[in-house]
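Novice: No gaps in the numbering here: position 251 of the first sequence is 259 in our numbering, and each next residue is one more. For every residue, glycine included, the Cβ atom is placed at its ideal position computed from N, Cα and C. Since we're looking at a predicted model, the values are computed, not measured. Dumping the structure here so I can ask a few things about it.
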Amino acid sequence: MLDINFIRENAEAVKNACKNKNVDINIDEVLELDKNKRAIMTEMELLRAEQNKISRGGKDNTAIFAQAKEIKEKIKEMEPELEKVDSQLKIMLLQLPNIPFEDVPVGKDDSQNVVLRKVGRPATQMFHTPKDYMELGAALDLIDVERAGKVSGSRFGYIKRQLPVLEFALVKLVMDTAQKEGFIPVIPPVMLKDQMARGTGYFEATDEKEAYYLAEDKMYLVGTSEQSIVSMHSDEVLNEKDLPIRYVGFSTCFRREAGSYGKDTKGILRVHQFDKLEMVIFSTPDQSKDEHKLLLSIEEKLMKALDLPYQVINICTGDLGRPAAAKYDIEAWLPSEKRYRETHSTSNCTDFQARRLNIRYKDKAGKVGFVHTLNGTAFAIGRILIMIMENYQQKDGSIKVPKALRKYCGFKVIK
RNA sequence: GGAGGAGUCGCAUAGUGGCUAUUGCAACGGUCUUGAAAACCGUAAUCCCUUACGGGAUUCGUGAGUUCGAGUCUCACCUCCUCCGCCA
């Protein structure tokens with residue numbers, strides 16, 4: 009959510025942000041509603057002040073109380089009008105996107121994202137024609153999507169044998185790496201009250217089909233632990249001297265993948281349920297750009313530890329999503345598709361989520377302001393397993409284990 | 001799932017329909033001090049009107065209601081605690 013004062017004073021900047029983010033909202037209408045709302049409010053407050061004055065006068069004054077009652081009726085008549093304007097305004101405000109930073113490339117969609125750098129050598133000239141991970145997994149009995157289909161339907165999988173052990177090795181690698189940087193490990197709830205699910209700003213009434221909803225209990229399943237970790241400090245005032253607060257969370261994530269019919273239908277690249285290690289940072293506004301760099305640097309450190317070839321993408325305005333002011337993706341090389349596929353994403357959401365969730369901090373002078381929130385993938389387990397399998401496959405169909413994981417999993421090769 | 005209790009500023013705490021919601025501690029700022037401690041003084045948030053000085057509205061878990069007036073009364077919901085049941 010944006011500050012209404014900011015919108016009043018920077019209408020052009022907001023219009024421009026909407027245009028660059030492909031969001032179609034009439035800012036002039038927002039300003040008009042805001043103006044209307046304030047006019048009604050002012051009038052009501054004047055009446056209420058008068059009413060209070062009378063009520064504070066004393067007891068048993070029936071003549072004057074009759075007058076107060078009259079004012080009360082008048083106020084009551086105005087209420088629906090205010091509510092109407094206010095709810096219209098609120099709906100529009102919640103749909104407004106965060107303003108992208110000035111150095112974010114302007115672009116229409118993901119085709120205009122910018123490659124910042126490539127690291128590691130894509131194994132295009134591998135010694136043999138690479139097998140895809142499903143073929144490798146079938147031979148070694150590591151992934152079973154057929155039985156998962158029988159039991160749960162499409163876009164599910166059983167991860168078997170050495171793969172779960174590798175998952176725990178990845179978890180340990182991330183925990184060790186992140187704790188060195190002061191991240192606090194956390195396992196968050198994966199079910200959220202609807203108001204919290206909205207707080208992080210990924211869906212509104214129009215597109216909540218993206219999340220799983222438990223109607224009986226009025227709860228959502230998280231699509232990412234970012235939702236429950238960012239919400240953790242809602243309605244709190246943090247102390248500046250405690251900032252930045254860094255968390256590294258592990259949780260299962262649930263996604264309906266509505267609207268992605270036909271995309272990545274095979275295998276476990278795009279599934280309804282997967283485990284993910286996620287980093288979340290609460291910082292002061294001054295710190296957030298550096299913290300964003302830190303998140304990206306840890307993601308790259310983890311990728312280098314696994315020695316996977318990757319590229320870093322600067323996401324353009326049209327592909328940023330509503331809450332982010334800046335976002336970098338990491339894409340790893342997938343040999344079977346001969347292209348890079350997304351494994352990581354890190355966003356600086358500035359005060360956009362903090363304003364919705366009312367997460368504030370008090371500075372040394374005692375002044376209160378909204379924190380900045382940032383998030384970044386440490387590892388999305390399923391996708392990283394895929395990348396390891398394909399990039400570390402051997403001629404005989406076995407899979408080597410990245411050196412950094414060996415001490416955690418206890419074996420060097422899957423065969 | 002059943003029965004009972006509670007929610008007031010960061011923490012603790014008073015407040016059974018009336019005017020400006022009490023008190024203590026902590027934290028922060030100031031005075032004093034060579035420095036510190038002590039002492040003393042000050043400090044809630046959100047919103048609206050105003051160029052400003054200033055004024056006003058709202059907020060006692062949340063939302064409705066009763067009333068001229070609600071922390072206080074009524075209803076619903078949320079959260080926590082205790083006991084019973086179930087359970088890894």
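Could you tell me the distance, in whole angstroms, from the CA atom of Gln-103 to the CA atom of Leu-285?
Specialist: What you label residue 103 is simply residue 95 of the first sequence in a count that begins at 1. What you label residue 285 is simply residue 277 of the first sequence in a count that begins at 1. Going by the C-alpha atoms only, they are around 28 Å apart.
Novice: At a cut of 8 Å, does the region 307-314 reach the region 264-278 through at least three beta carbon pairs?
Specialist: no
Novice: Between Asp-184 and Gly-165, how many whole angstroms is the CB-CB distance? I'm expecting something under 8 Å.
Specialist: Taking the first residue of the first sequence as 1, we reach residue 184 at position 176. Taking the first residue of the first sequence as 1, we reach residue 165 at position 157. No, Asp-184 and Gly-165 are not in contact; Cβ-Cβ is about 27 Å, not under 8 Å.
Novice: In angstroms, rounded to a whole number, what distance separates the CA positions of Pro-88 and Arg-254?
Specialist: Within the first sequence, numbered from 1, the residue matching residue 88 stands at position 80. Within the first sequence, numbered from 1, the residue matching residue 254 stands at position 246. Straight through space, the alpha carbons of Arg-254 and Pro-88 are spaced by roughly 44 Å.
Novice: Look at the Cβ atom of Phe-378, then the Cβ atom of Arg-391, and state whether they are nearer than 8 Å.
Specialist: As a first step, residue 378 must be located in the first sequence, where it is residue number 370. As a first step, residue 391 must be located in the first sequence, where it is residue number 383. Cβ distance not < 8 Å, so Phe-378 and Arg-391 don't count as in contact.
Novice: Does Arg-56 come out as helix, strand or coil in the three-state DSSP assignment?
Specialist: Mapped onto the first sequence, residue 56 falls at position 48. In this structure, Arg-56 counts as helix in the three-state DSSP scheme.
Novice: Check this for me: beta carbons of Gln-96 and Lys-80, under 8 Å apart or not?
Specialist: Taking the first residue of the first sequence as 1, we reach residue 96 at position 88. Taking the first residue of the first sequence as 1, we reach residue 80 at position 72. No, Cβ-Cβ distance for Gln-96 and Lys-80 is not below 8 Å.
Novice: Measure from the alpha carbon of Ile-338 to the alpha carbon of each residue in Gly-128, Glu-345, Thr-354, then state which is nearest.
Specialist: As a working note, residue 338 is residue 330 in the first sequence. Nearest of Gly-128, Glu-345, Thr-354 to Ile-338, Cα basis: Thr-354.
Novice: Compare the C-alpha of Gly-231 against each of Pro-252, Phe-262, Asp-225 and name the closest.
Specialist: In the first sequence, counting from the first residue as 1, residue 231 sits at position 223. Per the Cα distances, Phe-262.
Novice: Is the CB-CB distance between Gly-326 and Val-288 below 8 Å?
Specialist: Locating residue 326 in the first sequence gives position 318, where the first residue counts as 1. Locating residue 288 in the first sequence gives position 280, where the first residue counts as 1. Going by beta carbons, Gly-326 and Val-288 fall outside the 8 Å limit.
Novice: To the nearest angstrom, report how far apart Thr-214 and Arg-264 are at their CA atoms.
Specialist: Within the first sequence, numbered from 1, the residue matching residue 214 stands at position 206. Within the first sequence, numbered from 1, the residue matching residue 264 stands at position 256. Note that Thr-214 scores a pLDDT of 41, beneath 50, so its modelled location is shaky; the value from the coordinates is reported in the next line. If you take the alpha carbons of Thr-214 and Arg-264, they lie about 15 Å apart.
Novice: By the three-class DSSP mapping on this structure, what secondary structure does Lys-116 have?
Specialist: In the first sequence, the residue the question calls residue 116 occupies position 108. If DSSP states are grouped into helix, strand and coil, Lys-116 belongs with coil.
Novice: Determine the closest residue to Leu-200 out of Glu-189, Ser-233, Glu-218, Ala-186, with distance taken between C-alpha atoms.
Specialist: Mapped onto the first sequence, residue 200 falls at position 192. The shortest C-alpha separation from Leu-200 is found at Ser-233.
Novice: Leaving out the 5 sequence neighbours to the left and right, which residues in its chain are closer than 7 Å to Ile-323 when beta-carbon positions are compared?
Specialist: As a position in the first sequence, residue 323 is number 315, starting the count at 1. Around Ile-323: Asn-121, Lys-335, Tyr-336, Asp-337.
Novice: Determine whether the beta carbon atoms of Lys-370 and Glu-248 lie at a separation below 8 Å.
Specialist: Position 362 of the first sequence, counted from the first residue, corresponds to residue 370. Position 240 of the first sequence, counted from the first residue, corresponds to residue 248. Going by C-beta atoms, Lys-370 is nearer than 8 Å to Glu-248.
Novice: What three-state label does DSSP hand Ala-213 in the structure shown?
Specialist: What you label residue 213 is simply residue 205 of the first sequence in a count that begins at 1. With a pLDDT of 41 at Ala-213, under the threshold of 50, the modelled position of this residue cannot be trusted; read the value that follows with caution. Correct three-state label for Ala-213: helix.
Novice: Taking the alpha carbon of Phe-14 as the point to measure from, which residue in Ile-107, Ser-291, Lys-61 has its own alpha carbon closest?
Specialist: Along the first sequence, read from residue 1 onward, the residue named residue 14 stands at position 6. Among Ile-107, Ser-291, Lys-61, the Cα nearest to that of Phe-14 is on Ile-107.
Novice: Report the partner residues of Ser-353 according to the DSSP bridge assignment.
Specialist: Against the first sequence, residue 353 aligns to sequence position 345. For Ser-353, which the question treats as bridged, DSSP gives the partners Asp-337.
Novice: Shortest alpha-carbon distance to Lys-98 belongs to which of Ile-33, Ala-71, Ala-74?
Specialist: Here residue 98 refers to the residue found at position 90 when the first sequence is read from its first residue. Closest option to Lys-98, Cα to Cα, is Ile-33.
Novice: Taking Cβ to Cβ, would you say Pro-3 is nearer than 8 Å to Ala-333?
Specialist: For the chain, the structure presents residues 9 to 423; residue 3 sits outside this window and is missing.
Novice: By how many angstroms is the C-alpha of Leu-393 removed from the C-alpha of Val-142?
Specialist: Translated into the one-based positions of the first sequence, residue 142 becomes position 134. Translated into the one-based positions of the first sequence, residue 393 becomes position 385. The sequence shown places Met at residue 142, not Val. Met-142 and Leu-393: Cα-Cα distance of roughly 11 Å.
Novice: For the candidate residues Val-194, Cys-26, Pro-343, Gly-161, whose alpha-carbon lies nearest to that of Lys-281?
Specialist: For the purposes of this step, residue 281 is identified with residue 273 of the first sequence, where counting begins at 1. The question names Lys, but residue 281 in the sequence shown is Gln. Taking only the C-alpha atoms, the option nearest Gln-281 is Gly-161.
Novice: Would you kindly work out how many angstroms separate the C-alpha atoms of Ile-195 and Val-112, rounded to a whole number?
Specialist: Taking the first sequence and counting its residues from 1, one reaches residue 195 at position 187. Taking the first sequence and counting its residues from 1, one reaches residue 112 at position 104. For Ile-195 and Val-112, the distance between alpha carbons rounds to 33 Å.
Novice: Can you tell me where the alpha helix (DSSP H) with Arg-125 in it begins and where it stops?
Specialist: By 1-based counting over the first sequence, the position of residue 125 is 117. From DSSP, Arg-125 is part of no alpha helix (DSSP H) but of the beta strand (DSSP E) over 122-127.
Novice: If you draw a straight line from the alpha carbon of Leu-181 to that of Val-376, how long is it in whole angstroms?
Specialist: As a position in the first sequence, residue 181 is number 173, starting the count at 1. As a position in the first sequence, residue 376 is number 368, starting the count at 1. When rounded, the distance between both Cα atoms is 37 Å.
Novice: Which of the three DSSP states is assigned to Phe-164 in this structure?
Specialist: Position 156 of the first sequence, counted from the first residue, corresponds to residue 164. Phe-164 falls in the coil class under three-state DSSP.
Novice: Using DSSP bridges, identify the partner residues of Thr-260.
Specialist: For this step, residue 260 is matched to residue 252 along the first sequence. Residue pairing by DSSP places Thr-260 opposite Asp-283 in a beta bridge.
Novice: Under the rule that 16 or more other beta-carbon atoms within 10 Å means buried, what is Thr-358, buried or exposed?
Specialist: Position 350 of the first sequence holds residue 358. Buried is the call here.
Novice: According to DSSP, Asn-383 sits in a beta bridge with which residue or residues?
Specialist: If you number the first sequence from 1, residue 383 lands on position 375. Val-288, Ser-355.
Novice: Mind reading off the beta-carbon distance from Ser-291 to His-352? Whole number of angstroms is fine, and I expect it under 8 Å.
Specialist: Your numbering for residue 291 matches position 283 in the first sequence. Your numbering for residue 352 matches position 344 in the first sequence. Ser-291 to His-352, Cβ: 20 Å. No contact.
Novice: At the level of alpha carbons, what is the spacing between Asp-298 and Ser-239?
Specialist: Stepping through the first sequence from its first residue, residue 298 is reached at position 290. Stepping through the first sequence from its first residue, residue 239 is reached at position 231. Cα to Cα, Asp-298 sits roughly 22 Å from Ser-239.
Novice: For Lys-82, which three-state DSSP category applies?
Specialist: By one-based count along the first sequence, residue 82 stands at place 74. Helix, per DSSP.
Novice: Could you check the C-alpha separation between Glu-189 and Ile-306 for me, to the nearest Å?
Specialist: To locate residue 189, count along the first sequence from 1; it is residue 181. To locate residue 306, count along the first sequence from 1; it is residue 298. Between Glu-189 and Ile-306, the C-alpha separation is close to 9 Å.
Novice: What do you get for Gln-187, buried or exposed, if any count of 16 or more other CB atoms within 10 angstroms of its CB means buried?
Specialist: Numbered from 1 along the first sequence, position 179 holds the residue referred to as residue 187. The residue is exposed, with fewer than 16 neighbouring Cβ atoms inside 10 Å.
Novice: Quick one: what's Gln-401 bridged to in DSSP?
Specialist: Sequence index remark: in the first sequence, residue 401 carries index 393 (1-based). Paired residues: Ile-407.
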